[in-house]
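Colleague: I have a structure here, written as structure tokens, and I will follow up with some questions on it.
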Amino acid sequence: MKPGETKIADTRGRFLQALRNGRERSDAGWTNGRILLSNKRIVLAGTSGKRTFPLSKIEQVGGRFDVNQRVATVADYIALQFDDGEDVILVAPAEFEEFEMDLYDALLSSTKFLVRHPAVEGGVVQNTEWERAKMQVETEAVNIATVAGTFVGIQLDDIGDIEMGRRTVREERREVIEVEHSDDDGTSVQTYISGPERAVGILKSLLRIGEEQTETALDLSRQDKQVLMALYSGVSPFDIPAFLGIDVDEVEELFVRLIDHDVLDEVRIRHEVELNARGRSIAADAIDEQGAEM
Numbered sequence: 013m014k015p016g017e018t019k020i021a022d023t024r025g026r027f028l029q030a031l032r033n034g035r036e037r038s039d040a041g042w043t044n045g046r047i048l049l050s051n052k053r054i055v056l057a058g059t060s061g062k063r064t065f066p067l068s069k070i071e072q073v074g075g076r077f078d079v080n081q082r083v084a085t086v087a088d089y090i091a092l093q094f095d096d097g098e099d100v101i102l103v104a105p106a107e108f109e110e111f112e113m114d115l116y117d118a119l120l121s122s123t124k125f126l127v128r129h130p131a132v133e134g135g136v137v138q139n140t141e142w143e144r145a146k147m148q149v150e151t152e153a154v155n156i157a158t159v160a161g162t163f164v165g166i167q168l169d170d171i172g173d174i175e176m177g178r179r180t181v182r183e184e185r186r187e188v189i190e191v192e193h194s195d196d197d198g199t200s201v202q203t204y205i206s207g208p209e210r211a212v213g214i215l216k217s218l219l220r221i222g223e224e225q226t227e228t229a230l231d232l233s234r235q236d237k238q239v240l241m242a243l244y245s246g247v248s249p250f251d252i253p254a255f256l257g258i259d260v261d262e263v264e265e266l267f268v269r270l271i272d273h274d275v276l277d278e279v280r281i282r283h284e285v286e287l288n289a290r291g292r293s294i295a296a297d298a299i300d301e302q303g304a305e306m
């Protein structure tokens with residue numbers, strides 16, 4: 013290791029170059045070897061030698077680059093994009109999920125971000141200010157600490173929706189990630205995050221991993237959606253029968269089905285429930301659809 017360099021991960025795996033100078037390498041084959049990650053670079057060492065890639069040169073992470081059948085049959089690999097996507101290296105470490113989070117942490121933990129939290133709470137826009145912040149990526153969460161001492165934990169499996177947009181951040185128009193999740197009390201909140209363009213793009217790809225975990229194509233009935241929208245709007249689960257004019261036993265059956273579909277989390281056996289990230293996402297979409305129909 014060079015001065016100021018710290019080893020983060022050292023594992024076995026395989027790797028290849030999928031794109032070179034913008035052209036797909038349809039004849040590319042996997043090379044088995046050692047994958048070394050530090051806070052400065054990633055080193056891929058195989059029988060034909062080693063290649064070193066500074067982390068500062070990685071412009072984007074993620075995506076599928078199935079240039080041939082040998083690549084397409086590998087479910088878990090990380091795509092490292094360089095030179096505006098002209099060059100792409102695929103890395104498939106043996107301990108995939110742990111290495112993936114270590115890589116994101118190495119790419120993001122030294123970056124200074126600007127954060128507004130909560131920007132929206134319970135559907136109500138908050139008058140919060142942008143604060144300078146640093147973040148740390150763990151196995152199942154992105155933890156954000158602001159200079160004012162605020163701590164924000166975003167569980168990857170609790171992410172509802174992610175939106176990208178340009179907003180005025182400290183008198184400058186900048187790209188902003190708007191991520192919906194829940195706070196420690198289970199309240200739906202939105203956190204806005206901005207920063208250097210490259211880092212924002214890499215962070216977006218990380219948060220998309222969590223969003224994909226909660227996306228669903230469930231075939232829900234109109235009554236199912238009414239229950240979700242009521243809970244999303246703050247109606248107590250115990251008030252759902254009176255609120256929607258549905259029999260108590262029927263509501264209990266609805267709760268059981270939605271819990272089985274992983275849309276609700278059970279809080280107590282007598283079916284006190286709360287929306288999880290997937291449920292919040294579906295409820296928000298249902299409310300939008302209802303508004304469009306009016």
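The sequence shown lines up with residues 13 to 306 when you count with our numbering. All C-beta atoms, glycine included, are put in the ideal place defined by N, C-alpha and C.
Give the secondary structure of R249 by DSSP, where H, G and I count as helix, E and B as strand, and everything else as coil.
Modeller: Contrary to the premise, residue 249 reads as Pro rather than Arg in this sequence. P249: helix per DSSP, three-state reduction.
Colleague: Just the C-alpha distance for R292 and R269, rounded to the nearest angstrom, thanks.
Modeller: Answer to the nearest angstrom: the Cα atoms are 16 Å apart.
Colleague: Taking only the alpha-carbon atoms, compute the straight-line gap between Q138 and G213 and give it to the nearest angstrom.
Modeller: Those two C-alpha atoms are separated by around 25 Å.
Colleague: Can you list, in chain order, the residues of its chain with a C-beta nearer than 8 Å to that of R24? Leave out the 5 residues immediately preceding and following it.
Modeller: N44, G45, R46, I47, P105, A106, listed in sequence order.
Colleague: Starting from the C-beta of G74, find all residues in its chain whose C-beta is less than 7 Å away, skip the five residues before and the five after it, and write them out in chain order.
Modeller: Excluding residues within five positions, the ones whose Cβ falls inside 7 Å are A91, S217.
Colleague: Counting beta carbon pairs with one atom in the stretch 104-123 and one in the stretch 55-64, are three or more of them shorter than 8 Å?
Modeller: The answer is no - the stretch 104-123 does not touch the stretch 55-64, with fewer than three Cβ pairs under 8 Å.
Colleague: Suppose you measure from the CA of A145 to the CA of A157; what does that come to, to the nearest Å?
Modeller: If you take the alpha carbons of A145 and A157, they lie about 5 Å apart.
Colleague: I believe L232 touches L287 by the beta-carbon criterion, under 8 Å. Please report the beta-carbon distance rounded to the nearest angstrom.
Modeller: That belief does not hold up - the Cβ atoms of L232 and L287 are roughly 13 Å apart, past 8 Å.
Colleague: Quick one: give me the first and last residue of the beta strand (DSSP E) that L102 is part of.
Modeller: First-last of the beta strand (DSSP E) with L102: 99-105.
Colleague: Would you decide whether P66 is buried or exposed? Buried here means 16 or more other CB atoms lie within 10 Å of its CB.
Modeller: P66 is exposed by the Cβ-count criterion.
Colleague: Using the C-alpha atoms, what's the distance from V136 back to D300?
Modeller: If I take the Cα positions, the gap works out to 16 Å.
Colleague: Any idea what DSSP makes of Y89, helix, strand or coil?
Modeller: Three-state DSSP puts Y89 in coil, outside helix and strand.
Colleague: Should S206 and F125 be called a contact, given that it needs their Cβ atoms to be closer than 8 Å?
Modeller: Yes, these two residues count as a Cβ contact at 8 Å.
Colleague: What residues in its chain sit with their C-beta under 7 Å from that of M176, if we drop five residues either side in the sequence?
Modeller: Contacts found: E187, I189, K216.
Colleague: Looking only at its chain, what residues have a beta carbon closer than 6 Å to the beta carbon of I101, apart from the 5 residues adjacent to it on each side?
Modeller: Answer for I101: Q29, L92, listed in chain order.
Colleague: Do L219 and I171 count as a contact pair if the criterion is CB distance below 8 Å?
Modeller: Result yes, Cβ atoms of I171 and L219 sit closer than 8 Å.
Colleague: According to the neighbour-count rule (16 or more other Cβ atoms, all chains shown, within 10 Å of its Cβ), is D196 buried or exposed?
Modeller: When all chains shown are included, D196 counts as exposed.
Colleague: Helix, strand or coil for A229, going by three-state DSSP, please let me know.
Modeller: Note that A229 scores 47 on pLDDT, short of 50, meaning its location in the model is unreliable; the coordinates nonetheless yield the value given after this. In the structure shown, A229 sits in coil (DSSP, three-state: anything other than H, G, I, E or B).
Colleague: Can the beta-carbon of Y204 be found closer than 8 Å to that of V154?
Modeller: For Y204 and V154, no; Cβs fall outside 8 Å.
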